[in-house]
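Position in the sequence shown (first residue = 1) + 409 = the numbering used here. The block underneath contains the structure these notes are about, expressed in structure tokens.
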Amino acid sequence: MTIFAMPVFDATVIYEGNELFKGQGAARGWAEKLAREIETPVTVEKIGTGWALCAQLDGVACRWGILGQRLKRLD
């Protein structure tokens, strides 16, 4: 099963219209799962009051947050 179909049951915050992970620890846990899925390193980044997942995919900087309890690419 792909990580993008797994529900995100961690606490979230809304910042500038984006739903983000509330805690750095939860974001790091999902970053590890996402890294295995996309086979590239994933880090976490503080954005306002929340945390997003960040990686380089095909030379493009990407960030993920949450939408409807699923991971969603922000940019």
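Glycine is no exception: its CB is placed at the ideal position from the N, C-alpha and C atoms. Because the structure is a prediction, the values reported are computed rather than measured.
Subject >> Contact under 8 angstroms by Cβ, PHE430 with GLY459 >> reply: Residue 430 sits at position 21 when you count from the first residue of the sequence shown. Residue 459 sits at position 50 when you count from the first residue of the sequence shown. Yes, these two residues count as a Cβ contact at 8 angstroms.
Original post:
What do you reckon, are the CB atoms on CYS463 and THR449 nearer than 8 angstroms?
Top reply: Within the sequence shown, the letter at position 54 stands for residue 463. Within the sequence shown, the letter at position 40 stands for residue 449. Going by C-beta atoms, CYS463 is not nearer than 8 angstroms to THR449.
Subject >> Alpha carbon of ALA461 to alpha carbon of GLN433, nearest angstrom >> reply: As a first step, residue 461 is located in the sequence shown; it is residue number 52 there, counting from the start. As a first step, residue 433 is located in the sequence shown; it is residue number 24 there, counting from the start. In a straight line, the C-alpha of ALA461 is about 9 angstroms away from that of GLN433.
Original post:
For ILE423, does the count of other Cβ atoms within 10 angstroms reach 16, so buried, or fall short, so exposed?
Top reply: What you label residue 423 is simply residue 14 of the sequence shown in a count that begins at 1. With fewer than 16 Cβ atoms within 10 Å of its Cβ, ILE423 is classed as exposed.
Original post:
For ALA444, which residues of its own chain have a beta-carbon under 7 angstroms away from its beta-carbon, when the five flanking residues on both sides are left out?
Top reply: Mapped onto the sequence shown, residue 444 falls at position 35. Result list for ALA444: PRO450, VAL451, in chain order.
**OP:** Would you grab the beta carbon distance between ARG472 and GLU454 for me? Rounded to a whole angstrom, and I think it's under 8 angstroms.
**Re:** Here the question's residue 472 lines up with position 63 in the sequence shown. Here the question's residue 454 lines up with position 45 in the sequence shown. With 8 angstroms as the limit, ARG472 and GLU454 qualify as a contact, their Cβ atoms being about 7 angstroms apart.
**OP:** Classify THR411 as buried or exposed, calling it buried when 16 or more other Cβ atoms lie within 10 Å of its own Cβ.
**Re:** Position 2 of the sequence shown holds residue 411. Result: exposed.
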